[in-house]
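Visitor: Residue numbers (my numbering): 14 to 252.
Here it is, the structure in full.
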Ligand SMILES: C[S@@+](CC[C@H](N)C(=O)[O-])C[C@H]1O[C@@H](n2cnc3c(N)ncnc32)[C@H](O)[C@@H]1O
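The following block contains the structure:
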């Protein structure tokens, strides 16, 4: 874990403004969490035995639920701080008897730091909080140290799919990830990303969503990009 991601110094990308859950939601959480929740002790095992799509900041889960239903053979893991959203998704999963979705409750920065190297096939970050004011830009989730951790957990060839309707955030991520030696650009299509409440709301305000897709390079390729074409690749990287 880098110093920037150490828990005491971590800059939060979220604000806890959630109202307390009502009794029914508390009961649903207590009943369903053992079935769908992944405790911290399981984070290190993620991706060991199956392909995993990690949806970071799934909100009320509209996109997560749609994609998991459309791809029953893929395993989805959603990460969220917001318990109302977690309860909503667990209720939907119970109703449809889904078995290809697991949920993690926690700060994505800590969660990602707990996942092993090269374990995840796809990382989805859809409509992260845009933090539009300049003094809040440091709170944006996709920044240097977090991006390095995303690169670490993705398998070579794995995909990072970022979507936002906040144009300056899209430009920042396009530049940041586009110049990162561990990633190559992989087009801008929305792919399987469904339209959600956030996108509909943004459209009404005249904001168009933009999808940025990047592929994780192999270690050897990333080394070549970083050091230039003439540098010999150390034997230790030729695996
Ligand atoms: C604007 S919502 C987008 C929800 C969803 N991805 C969608 O497209 O509909 C952003 C979500 O990210 C969550 N979030 C922000 N920072 C987070 C973090 N560090 N870890 C986990 N979730 C986070 C917030 O709680 C919020 O629900």
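We put the beta carbon where it would ideally sit given N, CA and C, even for glycine.
1) State the CB to CB distance for the pair residue 179 and residue 143, rounded to an integer number of angstroms; the pair is presumed to be in contact (CB under 8 Å).
2) For residue 76 and residue 30, what's the separation of their Cα atoms in angstroms?
3) With distances taken Cα to Cα, identify the nearest neighbour of residue 89 among 104, 107, 59, 72.
4) Does residue 39 pass the burial test, meaning 16 or more other C-beta atoms within 10 Å, or should it be called exposed?
5) For residue 177, count neighbouring Cβ atoms within 10 angstroms of its own Cβ and tell me buried if that reaches 16, exposed if not.
6) Hey, is residue 78 close to ligand 1, as in C-beta under 7 Å from one of its heavy atoms?
7) Okay, do the segment 86-104 and the segment 51-70 touch, 3+ Cβ pairs below 8 Å being the bar?
8) From residue 170 to residue 63, what does the alpha carbon distance come to, in whole angstroms?
9) Anyone know if the C-beta pair for residue 134 and residue 168 falls short of 8 Å?
10) Tell me residue 68's beta-bridge partners as DSSP assigns them.
11) Could you tell me which of 210, 231, 191 sits nearest to residue 222, measuring between CA atoms?
12) If distances are taken between C-alpha atoms only, which option among 219, 117, 24, 56 comes closest to residue 74?
13) Is the distance from the Cβ of residue 80 to the Cβ of residue 205 below 8 Å?
14) Just to confirm the assignment, what range does the beta strand (DSSP E) spanning residue 169 have?
15) Using the C-alpha atoms, what's the distance from residue 65 back to residue 226?
Guide: Taking the coordinates as given:
1) 4 Å
2) Answer to the nearest angstrom: the Cα atoms are 22 Å apart.
3) 59
4) exposed
5) By the neighbour-count rule (16 or more Cβ atoms within 10 Å), residue 177 is buried.
6) no
7) yes
8) 16 Å
9) yes
10) Beta-bridge pairing links residue 68 to 91, 137.
11) 210
12) 117
13) yes
14) 167-177
15) 17 Å
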